[in-house]
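Shown next, in structure tokens, is the structure this report addresses.
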Amino acid sequence: MNDKVSATNERRLTIARAMAEAIAQEMRVDERVFVMGEDIGTLGGVFGNTRGLVEEFGKLRVRDTPISETGFIGAAVGAASDGMRPIVELMFVDFFGVCMDAIYNLMAKNTYFSGGSVKVPLVLMTSTGGGYSDAGQHSQCLYGTFAHLPGMKVVSPSNAYDAKGMMTAAIRDENPVIFMYHKGLQGMGWLGTEPGATVNVPEESYEVPFGKAAVVREGTDVTIVGLAMGVHNALKAADLLAKKGVSAEVVDLRTLVPLDRDTVFNSVKKTGRLIVVDEDYHSFGVSGEIIASVCERDVSVLKAAPRRVAYPDVPIPFSRPMEQFCLPNPDKIVAAFDTIAGA
Amino acid sequence: MATDITIADDMWDGDEQAVVTNWFAPDGAAVTKDMLLAEIMVAKIQYEVRAPADGTLTIVSKVDDIVSKGDVIGRIG
Numbered sequence: 153m154n155d156k157v158s159a160t161n162e163r164r165l166t167i168a169r170a171m172a173e174a175i176a177q178e179m180r181v182d183e184r185v186f187v188m189g190e191d192i193g194t195l196g197g198v199f200g201n202t203r204g205l206v207e208e209f210g211k212l213r214v215r216d217t218p219i220s221e222t223g224f225i226g227a228a229v230g231a232a233s234d235g236m237r238p239i240v241e242l243m244f245v246d247f248f249g250v251c252m253d254a255i256y257n258l259m260a261k262n263t264y265f266s267g268g269s270v271k272v273p274l275v276l277m278t279s280t281g282g283g284y285s286d287a288g289q290h291s292q293c294l295y296g297t298f299a300h301l302p303g304m305k306v307v308s309p310s311n312a313y314d315a316k317g318m319m320t321a322a323i324r325d326e327n328p329v330i331f332m333y334h335k336g337l338q339g340m341g342w343l344g345t346e347p348g349a350t351v352n353v354p355e356e357s358y359e360v361p362f363g364k365a366a367v368v369r370e371g372t373d374v375t376i377v378g379l380a381m382g383v384h385n386a387l388k389a390a391d392l393l394a395k396k397g398v399s400a401e402v403v404d405l406r407t408l409v410p411l412d413r414d415t416v417f418n419s420v421k422k423t424g425r426l427i428v429v430d431e432d433y434h435s436f437g438v439s440g441e442i443i444a445s446v447c448e449r450d451v452s453v454l455k456a457a458p459r460r461v462a463y464p465d466v467p468i469p470f471s472r473p474m475e476q477f478c479l480p481n482p483d484k485i486v487a488a489f490d491t492i493a494g495a
Numbered sequence: 032m033a034t035d036i037t038i039a040d041d042m043w044d045g046d047e048q049a050v051v052t053n054w055f056a057p058d059g060a061a062v063t064k065d066m067l068l069a070e071i072m073v074a075k076i077q078y079e080v081r082a083p084a085d086g087t088l089t090i091v092s093k094v095d096d097i098v099s100k101g102d103v104i105g106r107i108g
């Protein structure tokens, strides 16, 4: 996206800044919107996504909390059910365990249990992903864990344009939204650098609608589906495949719930081959769901067995060589294509 | 006449080196004075670099380059 925009007068933002800008713009026009979480105030968020908010809106609306997700995420669900529009941060998705009752038994179900009379317009933003040697409790994606449970929308942007528009849409949504942002795409330096995530972002407010995947690169020989960091791995793999004369199409899911099965299917119908890239664990996850979506509709569109490039089913190692060995990367995607190329 | 974009001596304490983490405008962009141009990081803390003048940006230090206080990381012509 960034390469196609005119070089002059372009304003690029990191995902971190795009998220903070979307939150600030909604806070200016809706006094019910407030933010809670650990180190989201004076520090501006460990991942930079609340920078500048406490200075503009004060400590009443930008609340640093104790390290007690059980307490403050439960409080956010109550506030949302009572007419406020909280944005609450679970700093690392890995720590969902202590607050999961509030998330999936209360936040996700209250609207159903009340026959629609209670709305829960809550945004739970949480960091995902590894690649910087932070080991098994700070590096998981857990996309499938959240997308599996009904009652909440689940989104994860791959670039700053989508991050701003999806955060704006999440805050305005009448239902709970899990906004999962990959640490390696935040533009924070120490978490790794992915220049492709820092793109041109309009200053005015806008929404990127949920449930609409994006074809970020068109091709004819294979469809590579991913989200967040997986999109950047897929794009790099597509460059490598192009050198071998293979034309790869790349689909950025953007939203897991609701899932845009049509865009995935239509792409595979065109290319005949499917590779799913997922930094979440291999088994019982997003990658299997994508493949099932295509096979259930019409298995005859596939010229070859679908492939997944996902995280092995092991806790994430601290050792850098071991973690890098486990992570999806462009070479693994190319290798996966080689196994189905002749079909 | 070109204006240097120089890393200020008082941007952070000490003489540790920094790494360029982001450019918010591409090479050749038209920029305006005080506009956010770049971020550099020291010990996991990011510092903002703003445009010292109006003009056309030339990037000298790329993302991931190591830089020190006093270094010229870009120019505005």
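Protein chains in written order, with the working numbering: chain A, 153 to 495; chain B, 32 to 108. Where is the CB? At the ideal position from N, CA and C, for every residue including glycine.
query                                                                                                                          : result
Spatial neighbours of A/Tyr264 in its chain, beta-carbon cut-off 8 Å, leaving aside the 5 residues before and after            : Gly303
Cα-Cα separation, B/Val80 to A/His290                                                                                          : 30 Å
Status (buried if at least 16 other CB within 10 Å, exposed otherwise) for A/Gly296                                            : buried
Whole-angstrom C-beta distance between B/Val98 and B/Ile104, which should lie under 8 Å                                        : 6 Å
Contact set for A/Pro467: own chain, Cβ-Cβ below 6 Å, skip 5 residues either direction                                         : Gly288
Residues bridged to A/Lys305 (per DSSP)                                                                                        : A/Val329
Beta strand (DSSP E) segment containing B/Ala49, residue limits                                                                : 49-54
Contacting positions in the stretch 467-481 of chain A - beta carbon closer than 8 Å to chain B                                : none
Touching by the beta-carbon criterion (3+ pairs, under 8 Å), the stretch 197-210 of chain A and the stretch 329-339 of chain A : yes
B/Ile90 beta carbon near the ligand HEM (any heavy atom closer than 6 Å)                                                       : Within the structure as shown, the ligand HEM is missing, as the structure has no ligands at all.
Option in A/Ala168, A/Thr491, A/Glu475, A/Ala488 with minimal Cα separation from A/Ala315                                      : A/Ala168
DSSP-derived helix/strand/coil call for B/Asp35                                                                                : strand
Sub-7 Å separation of A/Val438 and A/Asp430 beta-carbons                                                                       : yes
Contained alpha helix (DSSP H) runs [length at least 4] in the stretch 371-399 of chain A, N- to C-terminal order              : 381-395
Straight-line Cα distance separating B/Arg106 from A/Leu405                                                                    : 39 Å
Interface flag, B/Lys93 vs chain D, CB-CB below 7 Å                                                                            : Looking at the structure shown, chain D is missing, and the protein chains on hand are A and B.
CA-to-CA distance, A/Gly348 to A/Val420, given in whole angstroms                                                              : 25 Å
Beta-carbon gap between A/Pro328 and A/Leu274 smaller than 7 Å                                                                 : yes
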